[in-house]
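Chemist:
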């Protein structure tokens, strides 16, 4: 077997020539020192192991490029074709029939047959064939049945174009490769582990394969991406056309039912909802439960309701964010998997590493050659039929069988000579030379056939044969178009059965430290120099997780990163400790330090984006005796103003001055900084807190946990500058504003949360309890307020009907009860009432009973000009006080005419 793969060479590390410059030399076998059995084992390894490896690669684990099948799969399909009578066959019978071709036992055949059947392409299955979603195994082979699918009969078999070889025992013939006229390897995928190499080809979509084949035949660019029967989604940005070194990310499909419930409806490829005995690590729910046990995710329980479709229900724990939990599921469980393809195939009796595009091109070329062979074979058959039909017609029409010499011929040779002589004048019109076999075939024509001979029918049959030959010639002359038509036919006939199940999209990078649950608390014992999660009686630092890093700054200017532990000695004189976020460019450290014992004082600003764990770094110039005098850590790049007091000195007139950190550029940790003072500093105090110098910060609001964040969880509120505020309007009609600190807590009952815009005009329609519950309309701006302020007035019985932030809103008011006969009232808010304070009462809409108020599509209309003597309404005064209902109706009717 070793001579079948010439490119696989054995490498003996002990017998290799020495590299250039090496003192060792290569020695022939007869000059090497004999150590007993070493020679014998080396020879056995060289010969026997290479034979074994070659056999496993060629005959068991790796598919062939021509038909995309491993030997066991090819033998199963060949056996099923031999047994095929249109009815289902017991799988046990198929396995037994295949054993005459495959010498490796019934278990390997049965497993391979089930895997083929579960791909739902070549085999029509009946019975319990297992479930690729749950991982359940198929029933015993005596209980399930199978037959070839219509697609397999159309595409896979043709004995006339098949190359045959003897089976392992020489009693039967089996195909070298099946004449598959389709890139079957890409449609089904393949996976196998050989000796020294492996194969992993991912399945692709049937329709996309057909389209790519047509594009290749038209010399157009194409691109193929995997499509999995389990669905999910994939990121193919690093697929690398399926070649070695490429990788794809596969994710489960997770839907949010509500704020406390998630449901997984599609699985990553290769994962199941239960733990099959042969693949115990493939269970998706088990991976979720393991993450819960480790404290990575807050989940109350997981229910697996999978049947025909996947349904894994994840119930969240109280206080857990659904958006953050989804990211955590991708980060810490098998809901996201990375798959590395490896397109290894057998081509020319040796393994080759190709790309998906290479496989498609070779398969399409193979299909084109097979179609050409089929056309040529059919053409030769038709030419033979045409040749004999022409001879038959001449033989009967010329009544050659009636001649005296023919009837009285002494033997067959004389009769053949007579027929040959009579046919000689017609040989010039024959397709090929007439042989004795042709004449003997004419002798076998029965008299009944001669008596039924019809000249017109014979000529029509010959004409049909010639038309078919001409059609074949046309296809041979336009073979590419014929191949395109073949793939188009396959797509039209079978494409509807294979919709794309896996969504292609780009995945955002999930940082595990941002989505892991902070299930631990970090403490510090400054006196003894220990930090850890077990020091529960000491100073609390922050909530953390077991995968977090901790940043520490010391009085002598040193800093370092350590991992969270139960108890860890870090040393004394710690001036700052917190959880370290990698690649955090917004946390800015403002520092003043003394260079050495009596050196100058420097001021600097810097960030820490990445440090090596457990390595000490110096934020000073490194001189002995250096010391940090002032230190702050600012999560949003704030720059404060400090007041410096120098040590009294007769030579110094001004011993106090101020310094604004915003004047200092943000540089790296290793930067020296600017000289703050050459004189000795007595004290540094905070003069004024400053704003951020980094520009805006993007903020999101997570409705599940009622917290804001900077990690893209929940509703995007906008980009905030230092002075910007968040506006919260509650369901009860109160509003207030806050800053965008991530530690803020918000109450339930939020109606609107957004970035505050003091120039935005709000329009409210409300029932005012102080005015007999009549509906009022008011327009107002909202201002910054740390305390809750009522929009509806002081009376808690007032109710908000509608709140709009449309610039020019229009409303339709419909009446009910005894007033339902009235036509709906259309109100343009800008013309109806002016913009006032949110404390103003507004303007009454009507005294009639209102059924519904609906906001219409806005259209801007100019405001009516004010009369000279028209007065503005007071903030807390009813503008309609003293007016009768009829006066109000007349007034509104006049306003309606403006439309």
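Residue numbers (the working numbering): 2 to 900. Yeah, the Cβ is synthetic: ideal placement off N, Cα and C, and Gly gets one too. What you are looking at is a predicted structure, and each value in this text was computed from that prediction instead of being measured.
1. Should residue 988 be labelled buried (16 or more other beta-carbon atoms within 10 Å of its own) or exposed?
2. Three Cβ pairs or more, each shorter than 8 Å: is that satisfied between the stretch 451–471 and the stretch 421–433?
3. Whose C-beta lies closer than 6 Å to the C-beta of residue 333 among residues of the same chain, with five residues either side of it excluded?
4. Please report the straight-line C-alpha distance between residue 664 and residue 568, rounded to a whole angstrom.
5. Taking the runs of the beta strand (DSSP E) that are 3 residues or longer, which of them lie wholly in the stretch 732–772?
6. Sorted by chain position, which residues of the same chain lie with C-beta nearer than 6 Å to residue 72's C-beta, five sequence neighbours on each side aside?
7. Would you decide whether residue 643 is buried or exposed? Buried here means 16 or more other CB atoms lie within 10 Å of its CB.
8. Got a sec? Which residues, its chain only, sit under 7 Å from residue 670 by beta carbon, not counting five neighbours each side?
9. Counting only the same chain and skipping the five closest in sequence on each side, list residues whose C-beta sits under 7 Å from that of residue 437.
10. Using DSSP with H/G/I as helix, E/B as strand and the rest coil, what is residue 672?
11. Using 10 angstroms around the beta-carbon of residue 307, count the other beta-carbons present and answer buried if the total reaches 16, otherwise exposed.
12. What does residue 533 pair with, by DSSP beta-bridge criteria?
13. I need the straight-line Cα distance from residue 38 to residue 70, nearest angstrom please.
14. Can you tell me which of 705, 702, 720, 680 puts its alpha carbon nearest to the alpha carbon of residue 695?
15. Does the stretch 366–380 come close enough to the stretch 471–485 that 3 or more CB-CB pairs lie under 8 Å?
16. Look up residue 646 in the DSSP assignment and give the residues it is bridged to.
17. When the cut-off is 8 Å and only beta carbons count, does residue 409 lie next to chain C?
18. Is the Cβ-Cβ distance between residue 627 and residue 557 less than 8 Å?
19. Measure the alpha-carbon distance for residue 478 versus residue 250 and round it to whole angstroms.
20. Less than 8 Å between the beta carbons of residue 553 and residue 561, yes or no?
21. Using the beta-carbon count (16 or more within 10 Å), is residue 74 buried or exposed?
22. Find out if the Cβ-Cβ distance for the pair residue 313, residue 342 is shorter than 8 Å.
23. Roughly how far, in whole angstroms, is the beta-carbon of residue 815 from the beta-carbon of residue 853, given that I think they are within contact range, below 8 Å?
24. Three-state secondary structure (DSSP) at residue 714?
25. With a CB to CB cut of under 7 Å and the five nearest residues on each side skipped, what residues in its chain are close to residue 357?
26. Run through DSSP, which three-state label would residue 858 get?
27. Could you pull out every residue in the same chain whose Cβ sits closer than 7 Å to the Cβ of residue 173, ignoring the five residues on either side in sequence?
28. Take residue 474 and list the residues in its own chain whose beta-carbon comes closer than 8 Å to its own, dropping the five residues that flank it on each side.
29. Considering only the alpha carbon of each residue, which of 541, 615, 538 lies closest to residue 570?
30. Would you decide whether residue 136 is buried or exposed? Buried here means 16 or more other CB atoms lie within 10 Å of its CB.
31. Less than 8 Å between the CB atoms is what I'm expecting for residue 640 and residue 680, so what's the real figure, rounded?
32. With a threshold of 16 other CB atoms inside 10 Å of the CB of residue 238, please say whether the residue is buried or exposed.
33. Within the chosen definition, does the stretch 761–768 reach the stretch 801–814 through at least 3 CB pairs nearer than 8 Å?
34. Give me, in chain order, the residues of the same chain whose beta-carbon lies closer than 6 Å to that of residue 785; leave out the 5 immediate sequence neighbours on both sides.
35. May I have the straight-line CA-CA distance separating residue 277 from residue 134, to the nearest angstrom?
36. Out of 698, 363, 351, point me to the one whose CA is closest to residue 1's CA.
Modeler: If we stick to the structure as given:
1. In this structure the chain extends from 2 to 900, so residue 988 is not present and cannot be described.
2. no
3. As a position in the chain shown, residue 333 is number 332, starting the count at 1. So the list reads 292, 297, once near-sequence residues are dropped.
4. Position 663 of the chain shown, counted from the first residue, corresponds to residue 664. Position 567 of the chain shown, counted from the first residue, corresponds to residue 568. About 41 Å.
5. 735–739, 751–756, 763–769
6. The residue you call residue 72 lines up with position 71 of the chain shown. Within the same chain, residue 72 has close Cβ partners 60.
7. Taking the chain shown and counting its residues from 1, the one referred to as residue 643 is at position 642. Result: buried.
8. Residue mapping note: residue 670 aligns to position 669 of the chain shown, counting from 1. Only 607, 609, 618, 620 meet the Cβ criterion.
9. On the chain shown, residue 437 is found 436 positions in, with the first residue counted as 1. Here the set comprises 417.
10. Residue numbering aside, residue 672 sits at position 671 when the chain shown is read from its first letter. Residue 672: coil per DSSP, three-state reduction.
11. Within the chain shown, residue 307 is the residue found at index 306, counting from 1. That one is buried.
12. For this step, residue 533 is matched to residue 532 along the chain shown. Paired residue(s): 524.
13. For the purposes of this step, residue 38 is identified with residue 37 of the chain shown, where counting begins at 1. For the purposes of this step, residue 70 is identified with residue 69 of the chain shown, where counting begins at 1. Model confidence at residue 38 stands at a pLDDT of 49, short of 50, so the residue's coordinates are unreliable and nothing is read from them.
14. The sequence position of residue 695 within the chain shown is 694, counting from 1. Checking every option, the nearest Cα to that of residue 695 belongs to 720.
15. yes
16. In the chain shown, the residue the question calls residue 646 occupies position 645. Residue 646 is bridged to 657, 684.
17. Within the model displayed, chain C is absent; a lone protein chain is all it includes.
18. Taking the first residue of the chain shown as position 1, residue 627 is located at position 626. Taking the first residue of the chain shown as position 1, residue 557 is located at position 556. Yes, the Cβ-Cβ distance between residue 627 and residue 557 is below 8 Å.
19. For the purposes of this step, residue 478 is taken as the residue at position 477 of the chain shown. For the purposes of this step, residue 250 is taken as the residue at position 249 of the chain shown. Distance between the alpha carbons of residue 478 and residue 250 is about 45 Å.
20. If you number the chain shown from 1, residue 553 lands on position 552. If you number the chain shown from 1, residue 561 lands on position 560. Taking 8 Å as the Cβ cut-off, residue 553 and residue 561 qualify as a contacting pair.
21. Within the chain shown, the letter at position 73 stands for residue 74. Buried: at least 16 other Cβ atoms inside 10 Å.
22. For the purposes of this step, residue 313 is taken as the residue at position 312 of the chain shown. For the purposes of this step, residue 342 is taken as the residue at position 341 of the chain shown. No.
23. Here residue 815 refers to the residue found at position 814 when the chain shown is read from its first residue. Here residue 853 refers to the residue found at position 852 when the chain shown is read from its first residue. Indeed, because the Cβ distance is near 5 Å, the residues count as touching under 8 Å.
24. By 1-based counting over the chain shown, the position of residue 714 is 713. Correct three-state label for residue 714: coil.
25. Here residue 357 refers to the residue found at position 356 when the chain shown is read from its first residue. Within the same chain, residue 357 has close Cβ partners 187, 225, 242, 243, 344.
26. On the chain shown, residue 858 is found 857 positions in, with the first residue counted as 1. Three-state result, residue 858: coil.
27. The residue given as residue 173 occupies position 172 in the chain shown. The residues are 101, 102.
28. For the purposes of this step, residue 474 is taken as the residue at position 473 of the chain shown. These residues qualify, in order along the chain: 380.
29. By 1-based counting over the chain shown, the position of residue 570 is 569. Minimum Cα distance to residue 570 is reached at 615.
30. One-based indexing of the chain shown puts residue 136 at position 135. Flag for residue 136 reads buried.
31. Position 639 of the chain shown, counted from the first residue, corresponds to residue 640. Position 679 of the chain shown, counted from the first residue, corresponds to residue 680. That pair is no contact at about 24 Å.
32. Position 237 of the chain shown, counted from the start, is the residue given in the question as residue 238. When all chains shown are included, residue 238 counts as exposed.
33. yes
34. As a first step, residue 785 must be located in the chain shown, where it is residue number 784. Once the five neighbours on either side are set aside, the close Cβ partners of residue 785 are 726, 738.
35. Here residue 277 refers to the residue found at position 276 when the chain shown is read from its first residue. Here residue 134 refers to the residue found at position 133 when the chain shown is read from its first residue. Computed Cα separation, rounded: 11 Å.
36. As shown, the chain starts at 2 and ends at 900. That puts residue 1 outside it, with no answer to give.
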